[in-house]
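To keep things clear, I will list the structure first and then write my remarks on it.
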Amino acid sequence: MGRARKGTWKRSGDHFLVYVTLPQSAVPGVKDRRLPGITVRKGVNGRPPTEADLDKLAKLYTDRPDLALARLAEEGRLPDWVPIELVPRDALLRGATANPTAASAAGSLLETVASYGERWLAWRDKQGHGSIACYTSGLKCHVFPVKTDDGTTTIGEKPIAALTRDDVKRVAAYFRNEAAADRISANTATRYFSYFRAMLAAASDEDGDPDLYVRPDNPALGVKGPPTPKKQTRACFYPDEFLRFVSCEAIPLNARRLVALAVFLMCRLGELGRLRCEDIDLAHETITIRRSFDRPRKREKTPKNGRARSFGLETNVIPLLAAMIEEAGGSGLLCPVNVYKVADKFCGYLDRAGLTRAELRERSRTHVPLTMHGLRATGATWAARSGRYGAIELRRILGHQKQETTDVYFDEAQLMGRNVGEVFPPLPASLLKRSGKRASGR
Numbered sequence: 001m002g003r004a005r006k007g008t009w010k011r012s013g014d015h016f017l018v019y020v021t022l023p024q025s026a027v028p029g030v031k032d033r034r035l036p037g038i039t040v041r042k043g044v045n046g047r048p049p050t051e052a053d054l055d056k057l058a059k060l061y062t063d064r065p066d067l068a069l070a071r072l073a074e075e076g077r078l079p080d081w082v083p084i085e086l087v088p089r090d091a092l093l094r095g096a097t098a099n100p101t102a103a104s105a106a107g108s109l110l111e112t113v114a115s116y117g118e119r120w121l122a123w124r125d126k127q128g129h130g131s132i133a134c135y136t137s138g139l140k141c142h143v144f145p146v147k148t149d150d151g152t153t154t155i156g157e158k159p160i161a162a163l164t165r166d167d168v169k170r171v172a173a174y175f176r177n178e179a180a181a182d183r184i185s186a187n188t189a190t191r192y193f194s195y196f197r198a199m200l201a202a203a204s205d206e207d208g209d210p211d212l213y214v215r216p217d218n219p220a221l222g223v224k225g226p227p228t229p230k231k232q233t234r235a236c237f238y239p240d241e242f243l244r245f246v247s248c249e250a251i252p253l254n255a256r257r258l259v260a261l262a263v264f265l266m267c268r269l270g271e272l273g274r275l276r277c278e279d280i281d282l283a284h285e286t287i288t289i290r291r292s293f294d295r296p297r298k299r300e301k302t303p304k305n306g307r308a309r310s311f312g313l314e315t316n317v318i319p320l321l322a323a324m325i326e327e328a329g330g331s332g333l334l335c336p337v338n339v340y341k342v343a344d345k346f347c348g349y350l351d352r353a354g355l356t357r358a359e360l361r362e363r364s365r366t367h368v369p370l371t372m373h374g375l376r377a378t379g380a381t382w383a384a385r386s387g388r389y390g391a392i393e394l395r396r397i398l399g400h401q402k403q404e405t406t407d408v409y410f411d412e413a414q415l416m417g418r419n420v421g422e423v424f425p426p427l428p429a430s431l432l433k434r435s436g437k438r439a440s441g442r
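This is the structure in structure tokens:
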């Protein structure tokens with residue numbers, strides 16, 4: 001039978017330090033299991049501690065290592081090798097409040113949710129993930145300020161290692177209430193809560209980035225988030241409205257061409273802006289979407305979902321592509337304008353074309369108005385309406401990961417009514433004339 005552990009102590013200046021060693025079963029694989037010295041300044045009733053007092057305290061901390069770990073947490077002196085599940089969560093919270101330096105230290109057991117969130121966002125940015133500004137807004141403006149159950153601490157101020165399932169439920173309840181009160185849309189509430197879930201998944205992913213792994217469990221698992229928002233209808237051009245827009249000479253030619261391509265090619269705005277002449281095979285009437293544009297970082301990137309896609313061209317867009325390729329000299333970027341500047345002016349262009357149908361402009365819980373970014377949805381709805389595209393083929397053209405994302409457009413096509421006209425109609429000759437020098441689309 002081994003000798004009973006009882007801890008040790010020593011004097012250090014005007015105070016004493018009590019040392020205990022964690023049992024091997026608590027930290028398997030760790031050779032030096034001795035904790036940092038726990039400070040003892042006063043004894044019983046404020047008098048200096050006696051040797052007997054210190055012996056008792058050392059024995060107590062040895063028998064109750066959770067108390068020793070709680071004291072070290074409150075002092076911000078927990079060693080990194082201590083498993084987080086051994087430390088009382090309320091002690092972590094007190095330690096983070098009393099030690100802001102430790103609370104903001106990367107990987108510290110006292111690191112707060114807000115500090116960890118900064119690291120996680122920086123990691124996503126470094127990995128090239130998109131929507132960093134949206135993630136930042138969702139977490140900093142909505143998740144981190146939510147009050148915890150004590151009513152004085154926020155989610156952002158709490159150590160991420162001490163975050164509980166009840167804390168996650170409070171965040172979910174916050175988003176449900178915000179959506180119900182119409183302060184944010186149901187889609188936004190669902191999206192922002194998903195960002196919080198993703199952050200907690202990274203924090204508890206043992207097989208993920210080791211710098212992000214800070215806790216053994218995920219408190220968000222099984223927590224019901226905000227209700228799934230009802231599907232919204234999307235505004236799209238009828239063919240006659242589209243022709244009215246692209247024929248309107250009060251709108252710059254380059255802007256009209258861009259709108260025509262956005263509908264006929266069904267590609268995202270960033271992909272359209274980086275489309276090159278070499279991506280178009282007029283002889284075989286095909287196009288390959290190989291790249292997109294990362295607007296916040298101002299650099300090219302791969303298309304969404306990380307892969308290129310090729311598909312056949314609609315016959316009526318080929319003359320326009322041929323004219324634009326010729327004007328570009330056969331190589332380089334196809335579109336001579338900044339697609340985002342054209343997008344900013346899109347509503348004004350609708351006015352110039354005299355397009356006033358309410359569905360094109362109005363936004364509600366159940367309806368999304370037409371924007372430059374949404375012109376791809378017009379093309380997808382037309383494709384579904386035409387009967388020339390199967391569901392799987394259209395999914396591949398659009399670059400969707402999930403078939404249900406594509407199937408929405410087949411539903412939208414049925415809502416267009418009967419008197420729709422010819423989708424993907426012949427383009428007006430005015431779009432094919434030379435635009436002169438490569439000017440901006442003002």
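Residue numbers (UniProt numbering): 1 to 442. Positions of the beta carbon are idealized from the N, C-alpha and C atoms, including for glycine. Note that the structure is a prediction, hence the values are computed from the model and not measured.
1) Which residues share a DSSP beta bridge with valine 40?
2) What residue range does the beta strand (DSSP E) around arginine 299 cover?
3) For the candidate residues Ala102, Lys59, Pro49, whose alpha-carbon lies nearest to that of glutamate 74?
4) Given that a residue counts as buried once 16 or more other Cβ atoms are within 10 Å of its Cβ, and exposed if not, what is isoleucine 392?
5) Can the beta-carbon of glycine 222 be found closer than 8 Å to that of cysteine 277?
6) Helix, strand or coil: which one does DSSP assign to histidine 142?
7) Would DSSP call glycine 399 helix, strand or coil?
8) Could you name the residues of the same chain whose beta carbon sits closer than 6 Å to that of glycine 37, not counting the 5 residues immediately before and after it, in chain order?
9) Between threonine 188 and threonine 228, how many whole angstroms is the CB-CB distance? I'm expecting something under 8 Å.
10) Decide yes or no for the touch test of the stretch 230–240 against the stretch 363–370: beta carbon pairs closer than 8 Å, at least 3 of them.
11) How would you label tryptophan 382, buried or exposed, when you count the other beta carbons within 10 angstroms and need 16 or more for buried?
12) Is the stretch 349–357 close to the stretch 199–206, with three or more CB pairs under 8 Å?
13) Measure the CB-CB distance between aspartate 66 and leucine 92 and report whether it falls below 8 Å.
14) Work out the CA separation of lysine 140 and serine 194 for me, nearest whole Å.
15) Put arginine 276 into one of helix, strand or coil per three-state DSSP.
16) May I have a chain-ordered list of the alpha helix (DSSP H) segments no shorter than 4 residues that lie completely inside the stretch 199–264?
17) In chain order, what residues of the same chain lie with their CB nearer than 6 Å to the CB of glycine 156, ignoring the 5 residues before and after it?
18) Please name the residue in Ala220, Arg33, Gly7, Ile325 whose C-alpha comes closest to that of proline 79.
19) Return helix, strand or coil for arginine 442, following the three-state DSSP convention.
20) Which runs of the alpha helix (DSSP H) spanning at least 4 residues fall entirely within the stretch 113–189, listed in chain order?
21) Quick one: what's tryptophan 81 bridged to in DSSP?
22) Counting along the chain, where does the alpha helix (DSSP H) carrying aspartate 90 start and finish?
23) Quick check: the Cα distance between arginine 442 and arginine 291, rounded to an integer number of angstroms?
24) Please list the terminal residues of the continuous beta strand (DSSP E) segment that includes serine 310.
25) Buried or exposed for arginine 124, going by 16 or more other Cβ atoms inside 10 Å?
26) Between Ile289, Gly374, Arg295, Thr378, which has its C-alpha nearest leucine 334's C-alpha?
27) Under 8 Å between the Cβ atoms of leucine 243 and proline 319?
28) If you draw a straight line from the alpha carbon of arginine 309 to that of isoleucine 132, how long is it in whole angstroms?
29) Are the CB atoms of proline 159 and glutamate 206 within a distance shorter than 8 Å?
30) Within this structure, are the beta carbons of valine 339 and leucine 265 separated by less than 8 Å?
31) Flag this pair as yes or no: are the beta carbons of proline 425 and asparagine 254 separated by less than 8 Å?
32) In its own chain, which residues sit with a C-beta less than 6 Å from the C-beta of arginine 361, not counting the 5 before and 5 after it?
33) From this set, Asn305, Gly312, Leu272, Asp411, which residue's C-alpha is nearest valine 342's C-alpha?
Reading from the atomic positions:
1) In the DSSP assignment, valine 40 is bridged to Phe16.
2) Where arginine 299 is concerned, the enclosing beta strand (DSSP E) stretches over 299–301.
3) Closest option to glutamate 74, Cα to Cα, is Ala102.
4) Exposed, since its Cβ has fewer than 16 Cβ neighbours within 10 Å.
5) No, Cβ-Cβ distance for glycine 222 and cysteine 277 is not below 8 Å.
6) In this structure, histidine 142 counts as helix in the three-state DSSP scheme.
7) Three-state DSSP puts glycine 399 in coil, outside helix and strand.
8) Once the five neighbours on either side are set aside, the close Cβ partners of glycine 37 are Leu17, Tyr19.
9) Actually they do not touch by this definition, with Cβ atoms about 13 Å apart.
10) Output reads yes: the stretch 363–370 touches the stretch 230–240.
11) The residue is buried, with at least 16 neighbouring Cβ atoms inside 10 Å.
12) No: the two stretches stay apart, fewer than three of their Cβ pairs being nearer than 8 Å.
13) No, they are not a contact pair.
14) Each residue's Cα considered, the two are about 14 Å apart.
15) Strand.
16) List check, alpha helix (DSSP H) in window: 239–247.
17) These residues qualify, in order along the chain: Val113, Ala114, Phe144.
18) For proline 79, the nearest C-alpha among the options comes from Arg33.
19) Caution applies to arginine 442, whose pLDDT of 46 falls short of 50 and renders its modelled position unreliable; the value that the coordinates give is listed next. Coil.
20) Restricted to the stretch 113–189, the alpha helix (DSSP H) segments that are unbroken, complete and at least 4 residues in length are 113–126, 132–138, 165–180, listed in chain order.
21) Beta-bridge analysis with DSSP links tryptophan 81 to no other residue.
22) Residues 89–98.
23) With a pLDDT of only 46 at arginine 442, under 50, the local geometry of the prediction cannot be trusted, and the value read off the model is given with reservation. Those two C-alpha atoms are separated by around 26 Å.
24) From DSSP, the beta strand (DSSP E) with serine 310 extends over 309–312.
25) Classification of arginine 124: buried, given that the 10 Å Cβ count is 16 or more.
26) Cα-wise, what sits closest to leucine 334 is Ile289.
27) Not a contact, by the Cβ cut-off of 8 Å.
28) Rounded to whole angstroms, arginine 309 to isoleucine 132 spans 25 Å at the Cα level.
29) With respect to the 8 Å criterion, glutamate 206 and proline 159 are not classified as neighbours on the basis of their beta carbons.
30) At a Cβ-Cβ threshold of 8 Å, valine 339 and leucine 265 do not count as neighbours.
31) No.
32) Hits under 6 Å: Pro369.
33) Nearest option by C-alpha distance: Leu272.
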